[in-house]
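**Q** If you scroll down you'll find the structure; I have some questions about it.
In the working numbering, the protein residues as written are 1288 to 1784.
Laid out in structure tokens, this is it:
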């Protein structure tokens, strides 16, 4: 009996010690969670000389190694002032944005005040969680000011569109409740960061997404070892080959699978290496399925971009292709990210719009930021010919821009043209226009009596150059715009487009 009694005491002591350790670990996690307060100011792309004015948002974050704060990029995008507050404290500390990667919706903040996070145990980064693994989401969602903790499981891991950047990257779907304000909070599993909360589906119940640990690890590694460069892209458009007749036509064997190369982006890793009608069989050692997926873990598949997105810019990967029935190995140098290859850039942050005004016409590169001025339903509300260009989004040459006459500031000089908006500019005075630099230089240096703008559809706009120049200040004053096209030119010189 005595021995049994001692054994029971030992078991109780071990259980109590375990609960104490668990409680201490939980307390350490709570102490490392911060609420982020950001004041931000975004450009008005419809009136690109103006800002929309300061607004505020809140988010969440976690203290990691070096007393950095890990959070979402969308929490601090276009921020003019950032503060953070630790869980359980009342004091706010001013923070600076140390590194940001909008592609992956991640950012690192740094507080210079030495009193910040004294005694806080920084959270460690874990591994990619398994499907059905339990996780806890920490953050400060709307509806209260105290720390909130919700629990759930990892439902699946696959490529998803990151709302902040429109890039398809590996993401984890979780069923823990995520609400506005939770963004940037850590997703914890086994006491370590398994991911960073980033977005949810408003119309669905408890479907949220996190930036998974491998993406976070790559971002932090790049930040601590010389700079954030982003994720490389193959630079090609593929078509699935799930139809057996298509596979027979391109001479795939019964044990082969892959996707068809349809378009290659200029300046990309694929340029000169992959050809239209090649069949991509494998990339970086991963076999490509007929649906365009690769296996990243046993019996788990995701989009083939995973194979190169796990690499860094400047690295090389080997691809195997079937070219006219012959299997060929090619080496691809990952020189460009997806953001660098598109004709029409995706969402841009911390960048003021480039524009020029001539005779009341506002010239700008077409960007997604400009398209989004049409509202949440911009895909249906914006002009259809522009949406078609956006969906194609392949330049003829690397670095090309699509220049628009985005709107007209009505004045005598442009009478009869005042209802024009979103008109493409393919040439000025017969000279091709492929960038804002082209447009500004042509207009500043022309010696022609008339300036002729020609659109991609052949529509023309004609102004007498001398009258356009002489009316310039009058137009700007009428709309209270401080603007000088020669300043545009000086700002554009030396920039990469």
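C-beta atoms are modelled at their ideal positions from N, C-alpha and C, and glycine is treated no differently.
Quick check on this structure: which residue in 1346, 1543, 1520, 1386 has the alpha carbon closest to the alpha carbon of residue 1374?
**A** For residue 1374, the nearest C-alpha among the options comes from 1346.
**Q** Taking just the CA atoms, how far does residue 1473 sit from residue 1639?
**A** Looking at the two C-alpha atoms, the distance is approximately 31 Å.
**Q** Which complete beta strand (DSSP E) runs does the region 1428 to 1506 hold, if anything under 3 residues is left out?
**A** Taking only runs of at least 3 residues, the beta strand (DSSP E) segments lying wholly in the region 1428 to 1506 are 1435 to 1448, 1455 to 1461, 1473 to 1476, 1479 to 1487, 1495 to 1499.
**Q** Taking C-alpha atoms, which residue in 1495, 1676, 1684 lies nearest to residue 1439?
**A** Measuring from the Cα of residue 1439, the nearest candidate turns out to be 1495.
**Q** Report all residues from its chain with a CB closer than 6 Å to the CB of residue 1364; omit the five preceding and five following residues, and keep chain order.
**A** Here the set comprises 1636.
**Q** If residue 1681 sits next to residue 1552, beta carbons under 8 Å apart, how far is it from one beta carbon to the other, in whole angstroms?
**A** At roughly 6 Å, the Cβ-Cβ gap stays under 8 Å, so residue 1681 and residue 1552 are in contact.
**Q** Mapping DSSP to helix, strand and coil, what is residue 1397?
**A** If DSSP states are grouped into helix, strand and coil, residue 1397 belongs with the strands.
**Q** Between the C-alpha atoms of residue 1337 and residue 1392, what's the straight-line distance to the nearest angstrom?
**A** Looking at the two C-alpha atoms, the distance is approximately 26 Å.
**Q** Going by alpha carbons, who is nearest to residue 1540 out of 1562, 1500, 1514, 1610?
**A** Answer by Cα proximity: 1610.
**Q** Please state whether DSSP places residue 1316 in a helix, a strand or coil.
**A** Note: residue 1316 maps to helix in three-state DSSP.
**Q** Count the C-beta pairs between the region 1615 to 1633 and the region 1728 to 1738 that are closer than 8 Å, then say yes if the count reaches three, no if not.
**A** No, the region 1615 to 1633 is not in contact with the region 1728 to 1738.
**Q** Check whether the Cβ atoms of residue 1426 and residue 1471 lie closer than 9 Å to each other.
**A** The answer is yes: Cβ separation under 9 Å.
**Q** Figure out for me which residue from 1325, 1436, 1359 has the closest Cα to the Cα of residue 1506.
**A** The shortest Cα separation from residue 1506 among 1325, 1436, 1359 belongs to 1359.
**Q** Give a yes or no on whether 9 Å exceeds the smallest Cβ distance from residue 1608 to chain D.
**A** Reference to chain D is not applicable here, since this structure consists of a single protein chain.
**Q** Write down the C-beta distance between residue 1323 and residue 1362 rounded to the nearest angstrom, noting that I regard them as a contact closer than 8 Å.
**A** The pair is a contact, with the Cβ atoms about 5 Å apart (cut-off 8 Å).
**Q** Alpha carbon to alpha carbon, what distance is there between residue 1372 and residue 1341?
**A** If you take the alpha carbons of residue 1341 and residue 1372, they lie about 21 Å apart.
**Q** In or out: residue 1444 buried (at least 16 other Cβ within 10 Å) or exposed?
**A** Label assigned to residue 1444: buried.
**Q** Between which two residues does the beta strand (DSSP E) holding residue 1724 run?
**A** Unbroken run through residue 1724 is the alpha helix (DSSP H), 1723 to 1732; no beta strand (DSSP E).
**Q** If I'm right that residue 1350 touches residue 1424 with Cβ under 8 Å, what's the distance once you round it to whole angstroms?
**A** In fact, because the Cβ distance is near 17 Å, the residues do not count as touching under 8 Å.
**Q** Assign residue 1374 to one of three DSSP states: helix, strand, or coil.
**A** Residue 1374: coil per DSSP, three-state reduction.
**Q** Check whether the Cβ atoms of residue 1547 and residue 1565 sit closer than 9 Å, and answer yes or no.
**A** Cβ atoms of residue 1547 and residue 1565: closer than 9 Å.
**Q** Considering only the alpha carbon of each residue, which of 1745, 1653, 1515 lies closest to residue 1387?
**A** For residue 1387, the nearest C-alpha among the options comes from 1515.
**Q** Identify the residues that DSSP records as bridge partners of residue 1426: which are they?
**A** BP columns for residue 1426 point to 1435.
**Q** If you measure between the beta carbons of residue 1711 and residue 1673, is that distance less than 9 Å?
**A** It is a contact, given that the beta carbons lie within the stated cut-off.
**Q** Let me make sure I understand the geometry here. Which of 1389, 1396, 1497, 1366 has the alpha-carbon closest to that of residue 1380?
**A** Nearest option by C-alpha distance: 1396.
**Q** Which word fits residue 1450, buried or exposed, when buried means at least 16 other C-beta atoms lie within 10 angstroms of its C-beta?
**A** It is exposed - the Cβ of residue 1450 has fewer than 16 other Cβ atoms within 10 Å.
**Q** Taking 9 Å as the cut-off, decide whether the C-beta atoms of residue 1557 and residue 1522 are in contact.
**A** In contact: residue 1557 and residue 1522 (Cβ atoms closer than 9 Å).
**Q** Go ahead and pull the three-state DSSP assignment for residue 1403.
**A** Three-state DSSP puts residue 1403 in coil, outside helix and strand.
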